[in-house]
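Residue numbers (my numbering): 47 to 293.
Below is one structure, written out as structure tokens; the observations come after it.
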């Protein structure tokens, strides 16, 4: 979703950013800033990525009061969301160990997964459809690819984590998780949070245009995920589990 603003007397298009409240059975759980669109996917992907859902929800959609910028999920949570947030916010204090341990509770070590050519991984960002970014320069994207490089699904959002949540949420609603034979590609840097979401989705390979963080590399290695960064101009760096990458 785009909006028109003005700078220096000239009309310009920018990405829309608005809050979204996620409710569970009428109770507010979280608020995230996002680009409107695919809100049901975003809510489901967020809950899955936090280890709070054990499967697709009974229903997801507008709340009974039809409030704007709210999506309601009817599901039984598998964990206490307060405890999950504690580990997320306290991880830096313990050098990431609490965060790594918490993700391990909900994300088993990944399956062997496919072998993919290095040149193909390097080319994935060029195959990632980003019409919103082309129009505004202000959106991140996540794409779901087959091991042969076919783009199956792409989502854009002002938040890189939201774009990932929308893809994972769509896969959850379609019943195709875990993503054991697929590759995820993101348009920016590779943070701990994105690796966490990819691991919980069961994706064995995550590719990014930008750099990874130290904790992202640690988590990818811990969960057996192949993490690839700086995918651009025909090159890519492979940081963990290189045996899935072939020449």
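C-beta: ideal position from N, C-alpha, C; glycine also.
Residues near residue i by beta carbon distance below 6 Å, same chain, minus five either side
i: residue 119; result: 70, 89, 103 and 106
i: residue 189; result: 174, 197, 200 and 231
i: residue 245; result: 153, 269 and 271
i: residue 138; result: Residue placement at residue 138 cannot be trusted, given a pLDDT of 41 that sits under 50; the coordinates are not used to answer.
Proximal residues to residue i (C-beta, below 7 Å), its chain only, five neighbours per side dropped
i: residue 82; result: 47, 62 and 64
i: residue 214; result: 91, 94, 95, 243 and 247
i: residue 85; result: 66 and 117
Integer Cβ distance of residue i from residue j, believed to fall under 8 Å
i: residue 170; j: residue 277; result: 6 Å
i: residue 168; j: residue 176; result: Residue 168 to residue 176, Cβ: 17 Å. No contact.
i: residue 228; j: residue 286; result: Rounded, the Cβ-Cβ distance is 17 Å, inconsistent with contact.
i: residue 181; j: residue 59; result: 5 Å
i: residue 234; j: residue 256; result: 5 Å
Residue i versus residue j - alpha carbon distance
i: residue 209; j: residue 54; result: 31 Å
i: residue 270; j: residue 114; result: 40 Å
i: residue 237; j: residue 250; result: 16 Å
i: residue 160; j: residue 275; result: 18 Å
i: residue 221; j: residue 52; result: 43 Å
i: residue 163; j: residue 150; result: 28 Å
i: residue 267; j: residue 148; result: 15 Å
i: residue 49; j: residue 184; result: 12 Å
i: residue 98; j: residue 109; result: 20 Å
Start and end residues, alpha helix (DSSP H) containing residue i
i: residue 177; result: 177-182
i: residue 241; result: 238-246
i: residue 87; result: 85-95
Terminal residues of the beta strand (DSSP E) in which residue i lies
i: residue 65; result: 64-70
i: residue 120; result: 116-120
Other residues of its chain near residue i: CB distance less than 8 Å, five sequence neighbours each side excluded
i: residue 240; result: 206, 207, 210, 232, 252, 254 and 262
i: residue 288; result: 272
i: residue 8; result: With the chain running from 47 to 293 in the structure shown, residue 8 is simply not present.
Give the list of continuous beta strand (DSSP E) stretches no shorter than 3 residues that lie fully inside the stretch 185-211. Taken in chain order, the complete beta strand (DSSP E) segments of 3 or more residues contained in the stretch 185-211 are 186-192 and 197-203.
Along the chain, which unbroken stretches of the alpha helix (DSSP H) at least 4 residues long are found entirely within the stretch 255-291? Segments of the alpha helix (DSSP H) lying fully in the stretch 255-291: 260-269.
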